[in-house]
Amino acid sequence: ATQKLNSIAHFTDWIVAHVHIGTLGWNGFMAFGVIYWLVEKLWNTKIYSKLYTNIHFFLGTLGILLYVIPMYCSAIVQSKMWKEFNPDGTLLNKNFLDSVMTIIPFYKIRFLGGFLYMLGLIFMMFNIYKTIKKGVFINDETCELITFNDKNLHKNFHSWLETKPIIFYILTLIVVSIGGLVEIIPTIVIKSNIPTISSVRPYSPLELEGRDLYIREGCNGCHSQIVRPFRDEVVRYGKYSKAGEFVYDHPFLWGSKRTGPDLAREGGKNTSSWHFQHMFDPRSTSPGSIMPRYPWLIYRKLNNYNLLLKMNSLKKLGVPYSKRDIENAYNYLDRQASFLEQEIYKESPEIKNQIYFQKKYYGDKFISLKEREK
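Here my numbering is used: the first residue of the sequence shown is 754, the next is one more, and so on.
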């Protein structure tokens, strides 16, 4: 893709539209066609209703169009709104939620498209069920074996190679491996490819656990963590991202979609109590947000039993954790969690009172705030 097109497409709903054309149209319709064909062959009968088959096709086609076209339209709206500036050089839509609320009608049309697609699938399932019921399964059948003409078979090297699957597989593997190694080895061996940044430090034990929760809950499906060197992104989020910032990210969480804002520069912008409230009820801190609630993070105890295993694994990947860092990991985690707990209590007496009443109610089963996932 050209840089201009990529600046519009990447992180917008263009990605959703592009992917679902292939998923719903190519993979879906190809699977449907194969199923219809196989059922007739395997049960030695004709399809129960050609009418239902046609209805499925038209519902699926209409569903794809109503799903994809609104997403392409919303992508253009998103990109335009993110990049718009006032005459004085400030962002016209400084609040990211402005673009989210504008494209909600497109999401409603997209829902209708998805509903029609699934409705067509129901027609297919019923049609297949009735076809199987009226047919008889074929346990065995005669087949024809194609014989090769040796004269034509060895006409050239490639014709011969195509009849030797193991040799063909080995040669293909060698060629693909060479191509992969040519690309990968320089990035691993030449460390100067990634300029180091003195302020970038390995994740603390608590940050590692938080990062895994971020992955577990699918947050990287709606948020990116990389600021591109575009004027609007630098003004909105801060300095553009550099390669050296991600040297300890395994895996990286750049993302491909911004249903919510980029989070690469989010640290420190809001208070700890704000993040606590945001996870419990996003609308309480960000009116108009379509982010789901995560109440279980507020109440569930953090499972950190694999912390040392994670740190040792990351150390093998080049993260400079010392022996002392790993041995004292749980102490470091508890210390940072205790600090954040007291910070939340200080910022929000309301949360402190809620935790106090929970402690009285649950007694021995009470989980302190510092031990919880959030």
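The beta-carbon is built from N, C-alpha and C at its ideal position, and this holds for glycine as well. This structure is a prediction, so every number in the text was calculated from the model and none was measured.
When DSSP states are grouped into helix, strand and coil, Lys-1010 belongs to the strand group. Nearest to Tyr-1083 by C-alpha distance, out of Leu-1070, Lys-847, Leu-1062, His-1028, is Leu-1062. In the DSSP assignment, Phe-838 forms a beta bridge with Leu-844.
When rounded, the separation of the alpha-carbon atoms in Thr-884 and Met-783 is 19 Å. The beta-carbon separation of Arg-1077 and Glu-1126, rounded to 27 Å, does not stay under the 8 Å limit for a contact. Val-853 is the residue among Gly-813, Val-853, Glu-793 whose C-alpha sits nearest the C-alpha of Asp-766. By the beta-carbon neighbour count (other beta carbons within 10 angstroms, threshold 16), Leu-1122 is buried. Counting the other Cβ atoms within 10 Å of the Cβ of Gly-775 gives fewer than 16, which makes it exposed. Excluding five sequence positions before and after Ala-1090, the CB atoms of its chain that fall closer than 8 Å to its own CB belong to Leu-959, Lys-1123, Glu-1124, given in chain order. Looking only at Leu-1086, Val-935, Leu-1006, Ser-1075, the smallest Cα-Cα distance to Asn-1056 is reached by Leu-1086.
When the beta-carbon positions are compared, Lys-1010 and Ile-768 come within less than 8 Å of each other. In the DSSP assignment, Thr-925 falls within the alpha helix (DSSP H) that extends over 918-942. Rounded to whole angstroms, the gap between the alpha carbons of Leu-815 and Met-1032 is 37 Å. Tyr-805 places its beta carbon 8 Å or farther from that of Phe-868. Secondary structure note for Ser-1091: its alpha helix (DSSP H) is the uninterrupted segment 1082-1100. Counting only the Cα atoms, Asp-985 lies some 14 Å from Asp-841.
Exposure of Tyr-1109 is indicated by the presence of fewer than 16 other C-beta atoms within 10 angstroms of its C-beta.
Between Gly-1013 and His-976 a beta carbon distance of about 5 Å is seen, short of the 8 Å cut, so the two are scored as contacting. Taking a cut-off of 8 Å for Cβ pairs, the stretch 845-852 and the stretch 1039-1047 touch, as three or more such pairs fall below it. Approximately 28 Å separates the beta-carbon atoms of Pro-982 and Pro-1073; this is outside 8 Å, ruling out the contact.
Contact between Val-980 and Asp-1015 holds, since their C-beta atoms are separated by about 6 Å, short of 8 Å.
Going by C-alpha positions, Leu-865 is about 15 Å away from His-809. Residue burial is scored here from C-beta neighbours: Ala-762 has at least 16 other C-beta atoms within 10 angstroms and is therefore classed as buried.
In this structure, the beta-carbon distance from Val-953 to Gly-991 does not fall below 8 Å.
Within the DSSP bridge table, the entry for Arg-1125 names Lys-1054 as partners. Measuring C-alpha to C-alpha distances from Pro-1102 to each of Asp-1034, Ser-1025, Pro-1035 identifies Ser-1025 as the nearest.
The Cβ atoms of Val-935 and Trp-796 do not sit closer than 8 Å to each other. Taking the CA atoms as reference points, Lys-1022 sits about 10 Å from His-1028. Residue state for Phe-1033 is assigned as helix, using DSSP reduced to three classes. In this structure, Asn-1065 lies away from Gly-1008, with their beta-carbon atoms at least 8 Å apart. Check the Cα spacing between Met-871 and each of Phe-859, Gly-786, Leu-812: the tightest is with Leu-812.
Here DSSP, grouped into helix, strand and coil, assigns Phe-859 to helix.
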